[in-house]
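This report concerns only the one structure given below.
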Amino acid sequence: MRASIHSIVLALTACLFLTGCPSGDGGGGDATMNENGGDIQNDNDNGDAMNENENEGDGGGTETVLDTINFDSDVNVGEDPTSFAIGAGVGSVDFSNGVAGTLAIPPLYGSGANSWLPNAGVTSTIAFTDLDVRSISFYFAHDGDTGATLSALDAEGAQIGDSVESVAAAAFNDPAASFTIDGGGTPIASVSIETPDGAVVALDDLSLTVVE
Ligand SMILES: [Ca+2]
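Throughout the sequence shown, residue numbering follows the working numbering, covering 791 to 1002 in sequence.
Next comes the structure, spelled out in structure tokens:
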């Protein structure tokens, strides 16, 4: 699994050192480099060997667990972390109607001192762009008596599997607040969180399993 991420990183790194990257018009590559790079690349993509390899896989890709978003070192406190790049830049996770931060209530964190706090009284969403997400894992807790409901949705907005209710976690990183939703083969396009008025809810340690 890690090998796959490393491959992407290596590919991107190699791209930085070569001026003939297919998408890079700028730089000193000029026509010769771009022509050569483009032709070879296209031949390989359309070749039989490439297609055979993909077809022999389990459904056209390898399942990979991407970086966990912990809202501590990766997202600035006070920010609505929109367009969080994930997986060596292969896609993004876009949050809306919430803020990364701390309330100094330990049970609201699966890691560190910060989590993502969906706004109360509205629907918050986490949308996945250019990511073929097959399952999600996360920490989902609330303080007090009122919790929130989280649902995974497909590209048409239809719910996948059962919704998850946040738990009144008893302590920091309470195992009872850790959840996984598996799409069962159906790509998860977004996550919807319904937070009632007055509820204090937190989501932390969001991890995605994607097909690459
Ligand atoms: Ca955290």
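Every residue gets a Cβ at the ideal spot worked out from N, C-alpha and C, and that includes glycine.
Taking all protein chains shown into account, decide if residue i is buried (16 or more other Cβ within 10 angstroms of its Cβ) or exposed.
{"i": "P1005", "result": "What the structure shows of the chain is the stretch from 791 to 1002, and residue 1005 is not part of that stretch, so it cannot be assessed."}
{"i": "V991", "result": "buried"}
{"i": "T999", "result": "buried"}
{"i": "T985", "result": "buried"}
{"i": "A931", "result": "buried"}
{"i": "A961", "result": "exposed"}
{"i": "S980", "result": "buried"}
Tell me, please, which residues DSSP counts as bridged to residue i.
{"i": "Y929", "result": "S968 and D994"}
{"i": "D884", "result": "A917"}
{"i": "T936", "result": "According to DSSP, T936 bridges with nothing at all."}
{"i": "V1000", "result": "T854 and V923"}
{"i": "L907", "result": "V889"}
{"i": "I895", "result": "For I895, which the question treats as bridged, DSSP gives no partner whatsoever."}
From what residue to what residue does the beta strand (DSSP E) around residue i run?
{"i": "L943", "result": "T939 to L943"}
{"i": "I983", "result": "S980 to T985"}
{"i": "T854", "result": "E853 to V855"}
{"i": "V954", "result": "Q949 to E955"}
Between the C-alpha atoms of residue i and residue j, what's the straight-line distance to the nearest angstrom?
{"i": "M1001", "j": "I971", "result": "According to the sequence displayed, residue 1001 carries Val and not Met. Cα to Cα, V1001 sits roughly 15 Å from I971."}
{"i": "N887", "j": "E955", "result": "18 Å"}
{"i": "T976", "j": "D944", "result": "7 Å"}
{"i": "L898", "j": "G851", "result": "35 Å"}
Looking at residue i and ligand 3, is the gap between the Cβ and the nearest heavy atom below 7 Å?
{"i": "F861", "result": "What this structure holds is ligand 1, not ligand 3."}
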